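Visitor:
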Amino acid sequence: MKPETLLYPTPKGLYCEKGGFYIDPVQPVERALITHGHADHARAGHTHVLATRETLDIMRIRYGEAFCVSTQEAVLGVRTSIGDVTVSFHPAGHVLGSAQITVEASGMRIVVSGDYKRRRDPTCLPFEPVPCDVFITEATFGLPVFHHPDDQGEIAKLLTSLRQFPERAHLVGAYALGKAQRIIALLREAGYDDPIFIHGALTKLCDYYESEGLNLGDIRPATLAQGDKQSFAGAVVIGPPSAFADKWARRFPDPVSIFASGWMLVRQRAKQRGVELPMIISDHCDWPELTETINEIKPGEVWVTHGREEALVRWCELQGIAARPLHLVGYDDEGE
Amino acid sequence: MRAFAELLDRLVLTPQRNAKIKMMTDYFRASPDPDRGYALAAIAGTLTLKTVKPNVLRQLVLERMDEVLFRYSYDYVGDLAETISLVWEKPADEETSVSDLSLGAVMHQLETAGRANVHGLVRDLLDQLQGSSRFAFLKLITGGLRIGVSARLVKQALADMGNVDITEIETLWHGLSPPYTALFRWLDGKADKPELDMPAVFHAVMLATPVGDNDLAALDPKDFAAEWKWDGIRVQLANLAGTRRLYSRSGDDISGAFPDILEAADFEGIIDGELLVGGTMRTNNATRTFSDLQQRLNRKTVTRKMLEDYPAFIRGYDLLFSGRRDIRPESFLIRRAELSVLIEKAAPSHFDLSPLVPFSSWEELDRLRADPPDPVIEGIMLKRLDSPYTSGRSKGPWFKWKREPYNVDAVLMYAQRGHGKRSSYYSDFTFGVWTQSDGKNILVPVGKAYFGFTDAELEVLDRYVRNNTIERFGPVRSIRAEADHGFVVEVAFEGINVSTRHKSGVAMRFPRISRLRTDKLPRDADRLETLLAMIGGPDVDRTGTGEPI
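If you read the protein sequences in the order shown, they are chains A and B. So the first sequence is numbered by this note's numbering: it starts at 16 and just counts up by one. So the second sequence is numbered by this note's numbering: it starts at 40 and just counts up by one.
#1: List the residues of chain B that A/G193 touches, going by C-beta distances under 7 Å, in chain order.
#2: Thinking B/M146 and B/Y66 are a contact (beta carbons under 8 Å), I'd like their distance in whole angstroms, please.
#3: Where do the N-terminal and C-terminal ends of the beta strand (DSSP E) with B/L358 fall, by residue?
#4: Pull the bridge partners of B/W437 from the DSSP assignment, please.
#5: Can you find at least 3 beta carbon pairs, one from the region 155-166 of chain A and one from the region 220-229 of chain A, that sit closer than 8 Å?
#6: Would you verify that the beta carbon of B/M503 is, or is not, closer than 8 Å to some beta carbon of chain A?
#7: Taking all protein chains shown into account, decide if B/D580 is buried (16 or more other Cβ within 10 angstroms of its Cβ) or exposed.
#8: Determine, using beta carbons only, whether A/I116 and A/T320 come nearer to each other than 8 Å.
#9: Step through the CB atoms of chain B and report whether any lies within less than 8 Å of the CB of A/F212.
#10: Identify the contact partners of A/A326 in chain B, using a Cβ-Cβ distance below 7 Å as the criterion.
#11: Give a yes or no on whether the C-beta atoms belonging to A/V251 and A/F274 are separated by under 8 Å.
#12: Give the single residue among B/T90, B/V415, B/L359 and B/P387 whose Cα lies nearest to the Cα of B/L184.
#13: Rounded to the nearest angstrom, what separates A/C31 and A/L22 at their Cα positions?
#14: Any residues in the region 57-82 of chain B with a beta carbon nearer than 8 Å to a beta carbon of chain A? Which ones, in chain order?
#15: Listing by chain order, which chain B residues have their CB less than 8 Å from the CB of A/K286?
#16: Please report whether the beta-carbon of B/S463 lies at a distance below 8 Å from any beta-carbon of chain A.
#17: Is A/Q283 helix, strand or coil when you go by DSSP?
#18: Is the CB of B/L125 under 8 Å away from at least one CB in chain A?
#19: Return the first residue and the last residue of the beta strand (DSSP E) that A/T1 is part of.
#20: B/R154 versus chain A: which residues are under 7 Å apart at the beta carbon?
#21: What do you reckon, are the CB atoms on B/L395 and B/A247 nearer than 8 Å?
#22: With DSSP as the reference, label B/N57 as helix, strand or coil.
#23: Go through its chain and collect everything with a Cβ distance to A/G215's Cβ below 7 Å, but skip five positions before and after it.
#24: Going along chain B, which residues have a C-beta under 7 Å from A/W330?
#25: By the criterion of Cβ-Cβ separation under 8 Å, what are the contact partners of B/V116 in chain E?
#26: Measure the alpha-carbon distance for B/I509 versus B/Y453 and round it to whole angstroms.
#27: Kindly say whether A/R265, judged by its beta-carbon, lies nearer than 8 Å to any beta-carbon of chain B.
#28: With a threshold of 8 Å between beta-carbons, can B/R456 be considered close to chain A, or not?
#29: For chain B, find out if any of its Cβ atoms is closer than 8 Å to the Cβ of A/V252; answer yes or no.
#30: Of the choices B/I300, B/N446 and B/P54, whose alpha-carbon is the least far from that of B/S388?
#31: Taking only three categories from DSSP, how would you classify B/D580?
#32: Does the beta carbon of B/D105 sit closer than 8 Å to a beta carbon anywhere in chain A?
#33: I'd like to know whether the C-beta of A/P40 is nearer than 8 Å to at least one C-beta of chain B.
#34: Within the 8 Å Cβ cut-off, does B/E121 reach chain A?
#35: Measure the C-alpha to C-alpha separation of B/F360 and B/P298 and round it to an integer number of angstroms.
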């Protein structure tokens, strides 16, 4: 059996004809398998959704109870049959609940990684390599320039700035699902015990992470108490990046604009966005992690999707690994 | 190296002046010698290193990397040094060095390497350095730091660090060289102020305060001399013990760009004056405008043709040293008398004396100020006859009394978000005036302004931008601007010149938004012809009441 007959790209997303399901479809479909809760992968309006319990919970939080007609919970590592096809979910290390999806039929196994990373993340389970014939990898940071530095060093930059500018509010732009909670957890690990203020868009997801056993410490809403601007002097405020260009940001005294994203590695990107303190912290693999993962899994073939496909395909060619780009549309770059 | 690299990374992204100073001060306090001295030199532009050509770096990276992957990377990042710093990987079999190579050690290796070994040395250093340090290193050896910090700003950081006045730093500056160990020992309080052995050092200049609303009423015109304030750049020319130097007002050595003046300076002493282009009064030729002078500024060297087309000269204001004698404690009158003797003997093509403006009352002087005899005059200077020459700006001895600015009514066309405190406000505005194009009236952009308005006015402007956006291009918004719907502002500026770089053909100096004209419709705003007519100089109407459309 050729792998292209088991799984192939369509305008709605990756489709498995034998099983009659899509993986992370970008339009409403009858049967959807969802890798993780980010809005570009997990959309509302499908009929049946199969995903991990956490991903289903996150979709419920974001879209309400009626986000689909029926749900089925995927337990990590447990094989489930859908028609003639067997599927299973394995941790992807991207955000809470994120999973790779394995699709098997007639001895052919394809792993759809979804978004993934290899670094330690206190907020989710680590990536688990699964041997396969075809590995479908993301390539968000699929260029040799991307070498994400250690998280601790990036957190230290923030702590240094807090000491250096105690009169200024430190506004950290971070994606609401995953990145924000990871930043908070990393700050707590670094011994930062002060209250951390969050934008309203983060409240439900932070509550959910806490209910799943992650202790985020003293979290408070970033609202003005008696109109006192100075109460945010020297404080860490976390919100979605879009909020900082908004009038919302005016309540803070002389804010330092910070953005936590893998893109912050490129200085011009930071400068264009008016970011003063870039924190290079990503929930995706950097280039060495992408290439090491392929070397570790040793798939017969690599399919590359969303991101900088051409560079990773080129690298695979140089290594003598069969590879092709999938050209799927509808997935966002991290935090953009 | 890491601390220096982090400093550079922070400086380049930090817009606020005070925050930049704080970062530099903290770095200088925390870093050892000679690292901080080399860092200072790199920032102030006094580092002399053999630079490495971009092609050499490209070769080095391609020794280890696929050319196609490098091209993808370079296309994405756009800056060669940054691309190489990001893609560089040391050979897998090499041991990881955990220590942070110091900036001083890197400089030492670069300075002692023979030309033939540079290739290998750069490769080794790239292997030993990490991330940001690699980037800082590449910026150093390619000779372009570009971090938005002027030499003056870093001197202010030094002054803050040692709790001394910036004029002390400026005076010492040209007598010192990297890695500035004696300077830092003094600023740390561990040694006396360094003694200078170079004679023609810069002496911090004396500055004037603006004439305030009621300043003149309390002063007697008889105590003051008046002279024209010329629109060039203030300079200090020193020729002592055979060393000649030309300094800008803030102490930057600009000798390289003005060999004509240095050659003509055959007298000994230090004079304070205005650097201008054109002919001196002694040769009866006209003084040319600031835009002509700009042709000669910010150059390291100058061609023969430039010297002929834009001859530079100094219009003398004051004398600090007469021969080798420091006469700064003498009165203005005595210094001026000596200056006039000196200039009388100096080359007529390159030196003249700033003439005094006779007057008997403030009212008379005000009239003269409004109608000066030369277009290159931007106001009046008032100097107390008995004042000694003191560095810095103290209120009383010297005043500057600028002429009124030009004004036009313009229409807001584009807005961009500001930085720092203003990052949630649209505070940088492009404004335009009307012109005829294909038989239709259209707005053409004539300038940008991001200050002049109050915080309350900024709220009004920001609200207008948000509610009247037509299009967005990244951080820029295009604003609705039609004859009957738009936002008119009064723009004040100091001068206007022909410019080939701007679509409108004009460039303003120091434009700022002086008033919000919510009482006016865009159709009442000024026309480009009005601005073009202002280029002629002071004879034109400065209020910009051209024909509305």
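Think of the CB as a built atom: it goes at the ideal place given N, C-alpha and C, for glycine as much as any other residue. Note that the structure is a prediction, hence the values are computed from the model and not measured.
Guide: So, to answer that:
#1: Position 178 of the first sequence holds residue 193 of chain A. Within 7 Å Cβ-Cβ: nothing; A/G193 doesn't reach chain B, min ~24 Å.
#2: Locating residue 146 of chain B in the second sequence gives position 107, where the first residue counts as 1. Locating residue 66 of chain B in the second sequence gives position 27, where the first residue counts as 1. Between B/Y66 and B/M146 the Cβ distance is about 16 Å, and since that is not below 8 Å, they are no contact.
#3: Against the second sequence, residue 358 of chain B aligns to sequence position 319. Unbroken beta strand (DSSP E) run through B/L358: A351 to S361.
#4: For this step, residue 437 of chain B is matched to residue 398 along the second sequence. Answer is B/K422.
#5: no
#6: Within the second sequence, residue 503 of chain B is the residue found at index 464, counting from 1. The sequence given here has Tyr at residue 503 of chain B, not Met. For B/Y503, the answer is no, since every Cβ of chain A falls outside 8 Å of its Cβ.
#7: Here the question's residue 580 of chain B lines up with position 541 in the second sequence. Confidence at B/D580 is low in this model, with a pLDDT of 41, below 50, so its placement is unreliable and no value can be given for it.
#8: For the purposes of this step, residue 116 of chain A is taken as the residue at position 101 of the first sequence. For the purposes of this step, residue 320 of chain A is taken as the residue at position 305 of the first sequence. For A/I116 and A/T320, no; Cβs fall outside 8 Å.
#9: Sequence index remark: in the first sequence, residue 212 of chain A carries index 197 (1-based). No - not a single Cβ of chain B is within 8 Å of the one on A/F212.
#10: In the first sequence, counting from the first residue as 1, residue 326 of chain A sits at position 311. Within 7 Å Cβ-Cβ: L108 and Y111.
#11: Translated into the one-based positions of the first sequence, residue 251 of chain A becomes position 236. Translated into the one-based positions of the first sequence, residue 274 of chain A becomes position 259. No; because the gap between Cβ atoms is not below 8 Å, this pair is not in contact.
#12: Against the second sequence, residue 184 of chain B aligns to sequence position 145. With distances taken between Cα atoms, B/L184 lies closest to B/T90.
#13: Translated into positions along the first sequence, residue 31 of chain A becomes position 16. Translated into positions along the first sequence, residue 22 of chain A becomes position 7. Going from the Cα of A/C31 to the Cα of A/L22 covers about 5 Å.
#14: A58, K61, M62 and D65
#15: As a position in the first sequence, residue 286 of chain A is number 271, starting the count at 1. In chain order: V51 and L52.
#16: Within the second sequence, residue 463 of chain B is the residue found at index 424, counting from 1. Judged by the 8 Å Cβ criterion, B/S463 is in contact with chain A.
#17: As a working mapping, residue 283 of chain A is identified with position 268 in the first sequence. If DSSP states are grouped into helix, strand and coil, A/Q283 belongs with the helices.
#18: Here residue 125 of chain B refers to the residue found at position 86 of the second sequence. Yes, B/L125 counts as interfacial toward chain A.
#19: Residue numbering for chain A in the displayed model covers 16 to 351; residue 1 of chain A lies beyond these limits and cannot be assessed.
#20: For this step, residue 154 of chain B is matched to residue 115 along the second sequence. Within chain A, no residue comes near B/R154; the closest Cβ sits about 30 Å away, beyond 7 Å.
#21: If you number the second sequence from 1, residue 395 of chain B lands on position 356. If you number the second sequence from 1, residue 247 of chain B lands on position 208. Going by C-beta atoms, B/L395 is not nearer than 8 Å to B/A247.
#22: Position 18 of the second sequence, counted from the first residue, corresponds to residue 57 of chain B. Reduced to three states, the DSSP call for B/N57 is helix.
#23: Counting from one through the first sequence, the residue named residue 215 of chain A turns up at place 200. P236, listed in sequence order.
#24: Residue 330 of chain A sits at position 315 when you count from the first residue of the first sequence. By Cβ distance, chain B contributes L108.
#25: No chain E is present in this structure, whose protein chains are A and B.
#26: Stepping through the second sequence from its first residue, residue 509 of chain B is reached at position 470. Stepping through the second sequence from its first residue, residue 453 of chain B is reached at position 414. Rounded to whole angstroms, B/I509 to B/Y453 spans 10 Å at the Cα level.
#27: On the first sequence, position 250 is the one that residue 265 of chain A refers to. It does: the Cβ of A/R265 has a partner Cβ on chain B nearer than 8 Å.
#28: As a first step, residue 456 of chain B is located in the second sequence; it is residue number 417 there, counting from the start. Yes, because at least one Cβ of chain A sits closer than 8 Å to the Cβ of B/R456.
#29: Numbered from 1 along the first sequence, position 237 holds the residue referred to as residue 252 of chain A. By this cut-off, A/V252 is not an interface position.
#30: Locating residue 388 of chain B in the second sequence gives position 349, counting from the first residue. Of the candidates B/I300, B/N446 and B/P54, the one whose C-alpha sits nearest the C-alpha of B/S388 is B/I300.
#31: Within the second sequence, residue 580 of chain B is the residue found at index 541, counting from 1. Model confidence at B/D580 stands at a pLDDT of 41, short of 50, so the residue's coordinates are unreliable; what they give is reported in the following sentence. It is coil, neither helix nor strand.
#32: For the purposes of this step, residue 105 of chain B is identified with residue 66 of the second sequence, where counting begins at 1. Yes, contact with chain A.
#33: Position 25 of the first sequence, counted from the start, is the residue given in the question as residue 40 of chain A. Not one chain B Cβ lies under 8 Å of A/P40.
#34: Here the question's residue 121 of chain B lines up with position 82 in the second sequence. Yes - at least one Cβ of chain A is within 8 Å of the one on B/E121.
#35: Here residue 360 of chain B refers to the residue found at position 321 of the second sequence. Here residue 298 of chain B refers to the residue found at position 259 of the second sequence. Their Cα atoms are separated by approximately 21 Å.
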